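Residue numbers (the numbering used here): 2 to 427.
Working notes, structure below.
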C-alpha cells in the first residue's frame, strides 16, 4: 500500500431520503384488500376479521416518524494504490433513528469487490481491488433505511470517493550504469580511485596514506609498503522516456500498460541505487516532464507525472526544446516504447546524434490481425519488415534495443547491459 500521510479525510454528505412502501407492506395491503373483497362478495364477516390486523398494521405504520435526511460518511483506507492491491471502504450512517440500515455497493469500472457487496447495520466495511491503473471511481453506495415494522423504505445513494490507481511495477533489481559517471556521491563503482568499498588494486605507499589500508602480503612480496585502492562511488542521472502515442494490444497488457509498469520498475531500481531519476512522457507531438530527483517520493512523483491528464501536456513541444533540467547532459535515457510512431523514432535518432546514451525497451506485444487474403498476408509481412528496419537503424546508431514481454522480470532482457558499464558511443 502506498503511504498516504497521517490520516485520510472522511467524505460525509447529508442525503435526502426517498421514502416508499416496502415489498412487505405491499403484501400486507394485498392480503387486507383480498380479505375485504372476499368478505363483501361472499358475505362472510370472518374474512374481514382476518384482514383487519394487516390493515391496522398498515395504518399504524403511517404514523411512524421517518427521518427525512441521513448523514453518510465513506472513508477509503487509501487514496493511492497499485493494481491488484486491496483497499477497504468504511461507511457510517448517522441520524437514522430506530430504522435499520442496509448497504449495497455498486462497484465502478475496473473495480472488483472482494467478498460481499451488501451489509447491514449503521457501520459497514467493504473490500475492493482496482484491476487497472488510472483515476478510478470506486462506485456508488446505496443506502436503504427500513422502519421498525419494515413497512416503508428510505432510499439514497452516494458516490464513493475516487482513488488513484498506479500501474503495478514490474520486477527489476539490476541497473544499467554508464562508464563515465559525474563527480557526485552514489553507489556505482567508478573507474577512478576514491573512498569506496570495492577493491580496485594496490599501489605503493605514500606519506599520508592510512595505516589500515596497507596490504601486508603485497608489501612482503615486493619489499616495499603497498596500500589497497578502492573504486570511487558515484551516481548518475537517469531519464525515463515513456512513449504514450500508441496503445495497442489487449487491455491490461497493452503497449502503454507495459511502458508504465516498466518505467515504474526502473524508477524504483534507480532510486534505490541513489541515482537521480526523472521522466519525460511523450504523446502526439506533446510532452510533459519531471526533472531528475532522489528518494522514494520521487517514484510516486514520476508515476503521477506519467498519469497526468492530456490537457496539461505542452502541445508542439520537442525534445530539442526541453530545458536542461529535464534532460541533463551526460544522462542515461531509458526508453519504453513500441516504436510505432515515426515521429517518436525520429526524435530518438535526433537525441542520439546529440550525444545522449540511450537504451530502448521494446514493449510491442501485438501484431496486425492474421487474415488469409493474399494482400493481407503481404501487408503483414511488409509491416514486420518495417518494424525490423526501425530497430536495425537504431542499433546502427549505437542504441541498444531489447524486447520485454511484460511477464518476465526486466532483469532478463537487460542482463547483457547490466553486467558491465555501458559506454557512450559517439
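Where a beta carbon is used, it is the ideal one built from N, C-alpha and C, also for glycine.
The structure displayed is predicted, hence computed values, not measured ones.
CB of residue 365 within 9 Å of CB of residue 253, strictly: no
Cross-strand partners of residue 77 (DSSP beta bridge): 90
Within the stretch 233 to 314, ranges of the alpha helix (DSSP H) (whole runs, at least 4 residues): 256 to 273 and 297 to 307
Where residue 394 falls: helix, strand or coil (DSSP): helix
First through last residue of the beta strand (DSSP E) which encompasses residue 98: No beta strand (DSSP E) contains residue 98, which DSSP labels as neither H nor E.
Same chain only: Cβ atoms within 7 Å of residue 67, ignoring 5 sequence neighbours per side: 20, 148, 153 and 155
Segment contact flag, the stretch 125 to 137 with the stretch 160 to 173, C-beta cutoff 8 Å, min 3 pairs: yes
Where the beta strand (DSSP E) containing residue 213 begins and where it ends: Taken as a continuous stretch (DSSP letters only), residue 213 belongs to no beta strand (DSSP E), as it is neither H nor E.
For residue 47, three-class secondary structure by DSSP: helix
Local Cβ density within 10 Å of residue 379, reported as buried at 16 or more and exposed below that: exposed
Counted within 10 angstroms of its Cβ, other Cβ atoms place residue 36 as buried (16 or more) or exposed: buried
Residue 169, DSSP secondary structure in three states: coil
Residue 14, DSSP secondary structure in three states: strand
Supposed close pair residue 89, residue 126 - CB separation, criterion 8 Å: 6 Å
Residue 410 vs residue 173 beta-carbon contact at 9 Å: yes
Reduced DSSP category for residue 159 - H, G, I as helix; E, B as strand; rest coil: strand
Other residues of its chain near residue 385: CB distance less than 8 Å, five sequence neighbours each side excluded: 368
Neighbour flag for residue 219 against chain D, beta carbons, 9 Å: Absent from the structure: chain D. Only one protein chain is present.
Cβ-based burial, residue 343 [other Cβ within 10 Å; buried from 16]: exposed
Cβ-based burial, residue 258 [other Cβ within 10 Å; buried from 16]: buried
Nearest-angstrom Cα separation, counted from residue 53 out to residue 114: 45 Å
Expected contact under 8 Å - CB spacing of residue 283 and residue 176 to nearest Å: So it is not a contact: roughly 23 Å between Cβ atoms.
Whole-number beta carbon distance between residue 102 and residue 39, since they are thought to touch under 8 Å: Going by Cβ atoms, the distance from residue 39 to residue 102 rounds to 38 Å, so no, they are not a contact pair.
DSSP three-state assignment for residue 377, whether helix, strand or coil: helix
Which listed residue (132, 81, 242 and 25) has its alpha carbon closest to that of residue 110: 132
Own chain partners of residue 314 with C-beta closer than 8 Å, once the 5 adjacent residues on each side are dropped: With a pLDDT of only 41 at residue 314, under the threshold of 50, the placement of this residue in the model should not be trusted, and no figure is reported.
C-beta atoms of residue 203 and residue 216 nearer than 9 Å: yes
Proximity winner among 406, 337 and 170, relative to residue 269 (alpha-carbon distances): 170
Same chain, Cβ closer than 7 Å to residue 229, five either side skipped, listed in chain order: 200, 203, 214 and 216
DSSP three-state assignment for residue 357, whether helix, strand or coil: coil
Nearest residue (CA-CA) to residue 370, options 381, 104 and 347: 381
Distance CB(residue 337)-CB(residue 362) smaller than 9 Å: yes
For residue 115: DSSP bridge partner residues: 128
Counterpart residues of residue 389 in DSSP-defined beta bridges: For residue 389, which the question treats as bridged, DSSP gives no partner whatsoever.
Beta-carbon proximity of residue 240 to residue 349, cut-off 9 Å: no
With 16 other Cβ atoms within 10 Å as the buried cut-off, status of residue 31: exposed
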